[in-house]
Amino acid sequence: MKLPFAEPFKIKMVENLKRTTKEEREKYIKDSYYNLFNLKSELVFIDLLTDSGTGAMSDIQWSELMKGDESYAGSRSYYQLKEAIKDILGFEYFLPTHQGRAAENVLFSVLIKKGDIIPGNSHFDTTKGHIEFRGGKAVDCTIDEGFDPTLNYPFKGNVDLNKLERVFKENPIEKIPFVIVTITNNTGGGQPVSLENIKQVSALCKKYGVRLFIDGARFAENAYFIKEREEAYKNKTIREIVKELFSYVDGMTMSSKKDGMVNMGGFIAMRDPELFREASVFNIMFEGFVTYGGMNGRDMAALARGLYESTEYDYLEYRVKQVEYLGKKLKEYGVPILEPVGGHAVFIDAKRFFPHIPQSEYPAQLLGVELYIEGGVRGVEIGTILADRDPETGKERFPKLELLRLAIPRRVYTNNHMDYVAVAAANVFEKRNDIKRGFKIIYEAPIMRHFTVKLKRL
Ligand code: PLI
């Protein structure tokens, strides 16, 4: 018999979970104004809100914490991280930041002026927020295939070169400071970008003299998909793929809370010493001195090790296969999901789950609330609430995809947990026609409203 797949690690420490009843959860979520971000984590049984900063570190990473050097300037841990970034990603210069959005804040402070245009592939919400906060405009150039949740296409995160070139041609080129490609494309369903696409985007950017950056939060998962799905790279190692990919770009922003395998941290990495000097000024102002920038020495040491662990094939195979496993179970129960399944999360398609609920009543949020009540499982809405209002018109934006994301923390849950999640979702799906209405908003912030929104059942 062929040996079955098993996790390439064993568990050294456990964290107990608390069980609650359905009646209790109905009260908890009502008291939280139907906003899943307002729930205390101990009231959640399986927490799939995010894979960001929620992973389990390895024994070696924990031992790195003890070796961290907390010197204000010139910390040994900083140089350890600098070496790892050079070795794995190939960048000469880097600045640590306290997380990914802080990296965006620092880099965009250098590069974006009011009226600028920043093309990319479905910019993540903090990326779009930091662009719009500076009076810039994020233009989504994702391929059309990326917006069809039922289409099985291997690289749905790819940038459409025609759309990108149109942006270059239709605007004064000096208004386009850079292009940012997010790997994997989180907002679009954790979908990968092919190396061929990166190469072509890079060539187009060079032709027009526009810089190219990668939002690399999930670069290692993206590299796994390249190895599995892109013929030319099937015999390359993950690290060879990663090195080649970053060789085509000018720099990157990183939320180390994802493929950095740490609970907090981020960085900007780049090739250009002048950009490094300019960004250093903002890093010192917003984050901290250039050799710690908002990170503890020990966390930089754990991150250096995390970059090596996340680019190991065995780890990535386990990681992506667990996400696939949940997707397969949900499909078996008839729950409509976005396909193919992404690298870090399964996205349930709320438009097909609740076809009778209009986007103006937030069907993906409704699904999130019902799933919490059913099983104590917490996902996150990637839909109309997240899309915010148009900053110019003040009108709600109704995105093409209305999704509930079930993001799986790295090395945290077993496949028994995945079975539980799938049954909870199947139970909600069974009674979907008894759920007649969604929500209305009773409070919202002017930007990134999803974190603090208050809702009322209709
Ligand atoms: O949460 P931060 O500030 O460390 O990182 C921001 C960020 C940037 N880019 C991408 C692609 C992200 O996914 C991202 C954060 N993502 C979160 C929090 C998530 O739940 O997906």
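Numbering (my numbering), first residue to last: 409 to 866. Even glycine gets a Cβ: it sits at the ideal position worked out from N, Cα and C. Predicted, not measured: the structure shown is a model, and the values here were computed from it.
- At least one heavy atom of the ligand PLI sits closer than 8 Å to the Cβ of Glu512.
- In the three-state reduction of the DSSP assignment, Thr661 falls in the strand class, which pools E and B.
- Ranking Ala712, Lys635, Phe654 and Pro557 by CA distance to the CA of Met672 puts Ala712 first.
- In this structure, the beta-carbon distance from Val601 to Phe576 does not fall below 9 Å.
- Per DSSP, the beta-bridge partners of Tyr851 are Lys862.
- Closest in C-alpha terms to Glu604, from the list Phe654, Ile581, Phe675 and Ile454, comes Phe654.
- Counting only residues of its own chain and dropping the five nearest sequence neighbours on each side, Leu866 has a CB closer than 7 Å to the CB of Glu769, Arg845, Gly846, Phe847 and Lys848.
- In the DSSP annotation of this structure, the continuous segment of the beta strand (DSSP E) that includes Arg813 starts and ends at Leu811 to Ala815.
- Remark: the shortest separation between the CB of Val788 and any heavy atom of the ligand PLI falls under 8 Å.
- Excluding the 5 residues flanking it on each side, Val743 has same chain C-beta neighbours closer than 8 Å at Ile756, Phe761, Ala830, Ala833, Ala834 and Phe837, in chain order.
- Contact check for Ile454 and Gly784: beta-carbon distance about 7 Å, within the 8 Å limit, so the pair qualifies.
- Residue state for Ile793 is assigned as coil, using DSSP reduced to three classes.
- A residue is called buried when at least 16 other Cβ atoms come within 10 angstroms of its Cβ; Ser718 meets this threshold and is buried.
- Leu738 sits in a helix when the DSSP states are folded into three classes.
- By alpha-carbon distance to Gly544, the top candidate from Met409, Met474, Thr535 and Met678 is Thr535.
- Taking one beta carbon from each stretch, the region 493-506 and the region 459-478 have fewer than 3 pairs nearer than 8 Å; the two do not touch.
- Taking C-alpha positions only, Tyr716 is separated from Arg727 by approximately 15 Å.
- Restricting attention to alpha helix (DSSP H) runs no shorter than 4 residues, the region 469-505 encloses them at 484-496, ordered along the chain.
- Counted as a single uninterrupted DSSP element, the alpha helix (DSSP H) harbouring Arg685 occupies residues Pro681 to Phe694.
- About 31 Å separates the beta carbon of Ile676 from that of Leu812, a gap too long to meet the 8 Å contact definition.
- Membership of Arg509 in the alpha helix (DSSP H) is indicated by the continuous run Gly508 to Leu519.
- In the structure shown, the three-state DSSP call for Leu715 is helix.
- In the structure shown, Glu800 falls within a coil segment according to DSSP collapsed to helix, strand and coil.
- No residue range can be given for Val601, since it is assigned to no alpha helix (DSSP H) and is classified by DSSP as neither H nor E.
- Annotation for Val587: the continuous beta strand (DSSP E) segment containing it runs Phe586 to Thr590.
- Between Arg818 and Asp459, the CB-CB gap stays under 9 Å.
- Straight-line measurement puts the Cα of Ala710 at about 5 Å from the Cα of Gln469.
- Within the chosen limit of 8 Å, the ligand PLI reaches the beta carbon of Thr534 through at least one heavy atom.
- By the C-beta density criterion, Pro412 is exposed, having fewer than 16 other C-beta atoms within 10 angstroms.
- Under the 10 Å beta carbon count, His764 is surrounded by fewer than 16 other beta carbons and is classified as exposed.
- Counting only unbroken stretches of 3 or more residues, the beta strand (DSSP E) elements lying wholly within the region 611-643 are 619-623, in sequence order.
- Cβ-Cβ distances below 7 Å link Gly674 to Thr505, His506, Gln507, Gly508, Ala510, Ala511, Met662, Ser663 and Ser664 in the same chain, with the five nearest sequence neighbours on each side left out; the list follows chain order.
- Less than 9 Å separates the beta-carbon of Ser517 from that of Phe694.
- In the pairwise beta carbon analysis, the region 613-628 is classified as touching the region 581-593: at least three pairs are separated by under 8 Å.
- Taking all protein chains shown into account, Ile646 has 16 or more neighbouring C-beta atoms within 10 Å of its C-beta and is therefore buried.
- Beta-bridge annotation (DSSP): Val547 is paired with Pro527.
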